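Q:
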Amino acid sequence: MPVPETIGESFAGELADLFAQKAVPILWLGILFFLFFSLLDYFVHRPFFPLFLSYRLTLGIFVLVLLSLLHFRSLQRHALFLTGTALVAASFTISMMVIHIGGFSSPYYIGIVLTASFAFSVLPMTVTQVMGIGIAMYAVYIGTQVHSGYPLSRQEFVHAVTNTVFYFSILLVITIKVHDDMKIRRSIWHGRRKMHQLRDELTIYTGDLEYLVEQRLQQLEELKFRFSELYENIMDMVAVVGEQGEVLLCNKRFTKEFGVSDQTTPPPCLFDFFVGKRRNKMVAQMLPRFSGRSPIYGVETIMVTAEGKEIAVEISGSWVDIDNSGPGCQLVLRNITKRKKMEQQMLESTRLIDHSRRTAILGLAKLAEYRDQDTGTHLERIREYTRILTRALSGQSGLQHLITPSFLEDITLSSVLHDIGKVGVPDKILLKPGKLCREEFEVMKMHCIYGSDVLAEAQRDAGNVSFLAMGRQITHFHHEKWDGSGYPEGLNTIDIPLAARIVALADVYDALTSKRCYKQALSHEQAREIIVRDRGSHFDPQVVDAFLEQEANFQRTRMEILLQ
44 MPVPETIGES FAGELADLFA QKAVPILWLG ILFFLFFSLL DYFVHRPFFP
94 LFLSYRLTLG IFVLVLLSLL HFRSLQRHAL FLTGTALVAA SFTISMMVIH
144 IGGFSSPYYI GIVLTASFAF SVLPMTVTQV MGIGIAMYAV YIGTQVHSGY
194 PLSRQEFVHA VTNTVFYFSI LLVITIKVHD DMKIRRSIWH GRRKMHQLRD
244 ELTIYTGDLE YLVEQRLQQL EELKFRFSEL YENIMDMVAV VGEQGEVLLC
294 NKRFTKEFGV SDQTTPPPCL FDFFVGKRRN KMVAQMLPRF SGRSPIYGVE
344 TIMVTAEGKE IAVEISGSWV DIDNSGPGCQ LVLRNITKRK KMEQQMLEST
394 RLIDHSRRTA ILGLAKLAEY RDQDTGTHLE RIREYTRILT RALSGQSGLQ
444 HLITPSFLED ITLSSVLHDI GKVGVPDKIL LKPGKLCREE FEVMKMHCIY
494 GSDVLAEAQR DAGNVSFLAM GRQITHFHHE KWDGSGYPEG LNTIDIPLAA
544 RIVALADVYD ALTSKRCYKQ ALSHEQAREI IVRDRGSHFD PQVVDAFLEQ
594 EANFQRTRME ILLQ
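Using our numbering, the letters of the sequence shown map in sequence onto residues 44 to 607.
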């Protein structure tokens, strides 16, 4: 049945008022979260932290100006336009940061997805409004990247397509939810308006009151039935449970999924549908909320349907009064299995990219290793020795704040690049079986400079990639010595980057215990004696102490790799 024009306009007016009320806290939360994520900039892209902080502050000030406009009642009817402007501005700000950290390959574009998902899920908007603002936000992202002149390589193009598919998939899911929410709001508004009309009519008609009351009660029952139909046919599962989790009421969707109804005797318990070990955890988590009649927000778990199928569910609820049954917690159980699968696929894609990157880096580093067949699995051993030393050092005094999980990942990845500069050393020097003369050794020392220059060029093309920056440090300084007698800069003590000091010991240990064209391999005990002797002269004392603590792991790792 078509809605009369006056009714439609009243509904639109009520929707606009509701939007204006919700827009203010949403914009405030947006400012707080956007500034909060500057911590991510600090830890992940520290060189850009001042620039990104200025972007975030500028956006925050801009949104504050929009918020100040919403305090004028005459401008509240433009709340949709002001909020949409804020969202597009947020998309532009994130896009400007993305330009500096990798273009389409930067994961920072997820910020646009999160901003859109949060705003569209909370604000009362129509499908047209969501699609319009959503497309505008993504158009700003695409336009900014293209206008920046960032080279669109094949890999960048793949990232651009992947980002676009993911964004519009999320936007489509949100649009479906917005469509359903708007239908429910309109149905509720019509029902409320109808009840108000019935109440007004009952106050007007004073003749034959009993007949009129009976007639109106019948109409109210009909309205109650319609609301019940809406409750029964909602897309999500709905159940009202008691303080012990017993199901007092449930809709058709809940009954279909779990094979029980509110007429089942004895009443089914919600906790019976949780999976294995998660059941005890959910009982411990939710029973106190039930007994304390506290609201429940966004609890995620796994449940088992009547068919034995496991589904991921998000549970939210609040307490309501039920006729003749006392209070109960009305829970909305949303099936998020597809969303979880999509998140898992994204995680697996990220892991695949990381694995591919590691493989490519190891293959690049082996360019230098393949010229000398005696080195064998030198890079693999260096990588494992470096990992062992770094983990041991992470617990030592004064180093906890330096050796973070990202530091460990970066040094493990970039340690294999330490001798990449040897591709520039002539074979007659690199493969010489005897001792190098002074002129030859000067040429050999240049491999530190060659490697640093190669990685500097790679870093210039790839942007601010942390493992490349650390790789430059390792390549350039891994032949420096604690007493300043090393090369190429003659640095000493803590002036030598920590990553280079760690790899220096790992490299020397492997060189001592490996056969070369100019020498035989030493035993672990002989290598240990040399390293201890050079503690405080060649090597950082803390790194030597970590080696002594982990020498059993060094021996075991060396033997495992040799036997592969």
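Cβ atoms here follow ideal geometry from the backbone N, Cα and C, with glycine treated the same way.
It should be emphasised that the depicted structure is a prediction, and the values quoted were computed from it without experimental measurement.
Compare the C-alpha of F582 against each of R599, G529, S566 and name the closest.
A: Checking every option, the nearest Cα to that of F582 belongs to G529.
Q: Scan the region 323-393 and note each continuous beta strand (DSSP E) run of 3 residues or more that stays entirely inside, going in chain order.
A: 339-347, 353-365, 369-378, all fully within the region 323-393.
Q: What are the boundary residues of the alpha helix (DSSP H) that L113 is part of?
A: From DSSP, the alpha helix (DSSP H) with L113 extends over 92-113.
Q: Quick one: what does DSSP say M180 is sitting in, helix, strand or coil?
A: Here M180 sits in helix by DSSP.
Q: Excluding the 5 residues flanking R99 on each side, which residues of the same chain have their C-beta closer than 6 Å to its C-beta?
A: Only F77, L78, S81 meet the Cβ criterion.
Q: For K295, name the three-state secondary structure that DSSP assigns.
A: It is helical.
Q: Can F62 and P167 be called in contact, C-beta distance under 7 Å?
A: Their beta carbons are under 7 Å apart, which means F62 touches P167 by this criterion.
Q: Measure the alpha-carbon distance for A129 versus P584 and round it to whole angstroms.
A: Taking the straight line from one Cα to the other gives about 55 Å.
Q: Reducing DSSP to helix, strand and coil, say where K237 ends up.
A: It is helical.
Q: Among V284, P370, L374, W362, which one has its Cα closest to the Cα of V342?
A: Of the candidates V284, P370, L374, W362, the one whose C-alpha sits nearest the C-alpha of V342 is L374.
Q: What is the C-beta distance between Y428 and D553, in whole angstroms, given that I count them as a contact (C-beta under 8 Å)?
A: With a Cβ gap of about 7 Å, Y428 and D553 count as contacting.
Q: Taking the alpha carbon of H519 as the point to measure from, which residue in G494, L376, Q119 has its own alpha carbon closest?
A: When only C-alpha atoms are compared, the closest one is G494.
Q: Can you tell me the Cα-Cα spacing of S164 and K220, whole angstroms?
A: The straight-line gap from Cα to Cα measures roughly 8 Å.
Q: Among T307, K478, S580, which one has its Cα closest to the Cα of E523?
A: When each option's Cα is compared against that of E523, the closest is S580.
Q: Where does A59 sit, in a helix, a strand or coil, going by DSSP?
A: The answer is helix: DSSP assigns A59 an H, G or I state.
Q: Would the region 533-544 count as touching the region 555-574 if we require 3 or more Cβ pairs under 8 Å?
A: Contact between the region 533-544 and the region 555-574 is absent, because fewer than three Cβ pairs lie under 8 Å.
Q: What are the start and end residues of the beta strand (DSSP E) that includes M280?
A: 280-284 is the span of the beta strand (DSSP E), which, as asked, contains M280.
Q: What does F317 pair with, by DSSP beta-bridge criteria?
A: According to DSSP, F317 bridges with M346.
Q: Consult DSSP for E603 and reduce its assignment to one of helix, strand or coil.
A: Three-state DSSP puts E603 in a helix.
Q: In or out: H239 buried (at least 16 other Cβ within 10 Å) or exposed?
A: Burial call: exposed.
Q: Looking only at C-alpha atoms, which of S440, S212, A542 sits nearest to K381?
A: Measuring from the Cα of K381, the nearest candidate turns out to be S212.
Q: On the criterion of 16 or more Cβ atoms from any shown chain inside 10 Å, does C480 qualify as buried, or is it exposed?
A: Exposed, by the Cβ-count rule.
Q: For T136 versus L112, is the C-beta distance shorter than 7 Å?
A: Cβ distance not < 7 Å, so T136 and L112 don't count as in contact.
Q: Alpha carbon to alpha carbon, how far is K488 from L565? Give it in angstroms, no decimals.
A: Going by the C-alpha atoms only, they are around 24 Å apart.
Q: Report the three-state DSSP secondary structure of E199 (helix, strand or coil).
A: Residue state, collapsed to three classes: helix.
Q: If you run the structure through DSSP and keep just helix, strand and coil, what is C491?
A: Correct three-state label for C491: helix.
Q: May I ask you to report which of helix, strand or coil DSSP gives E532?
A: Reduced to three states, the DSSP call for E532 is coil.
Q: Could you check whether the Cβ of I492 sits closer than 7 Å to any Cβ belonging to chain D?
A: Of the protein chains in this structure there is only one, and it is not chain D.
Q: Apart from the five residues on each side of it in sequence, which residues of its chain come closer than 7 Å, Cβ to Cβ, to K320?
A: So the list is empty, once near-sequence residues are dropped.
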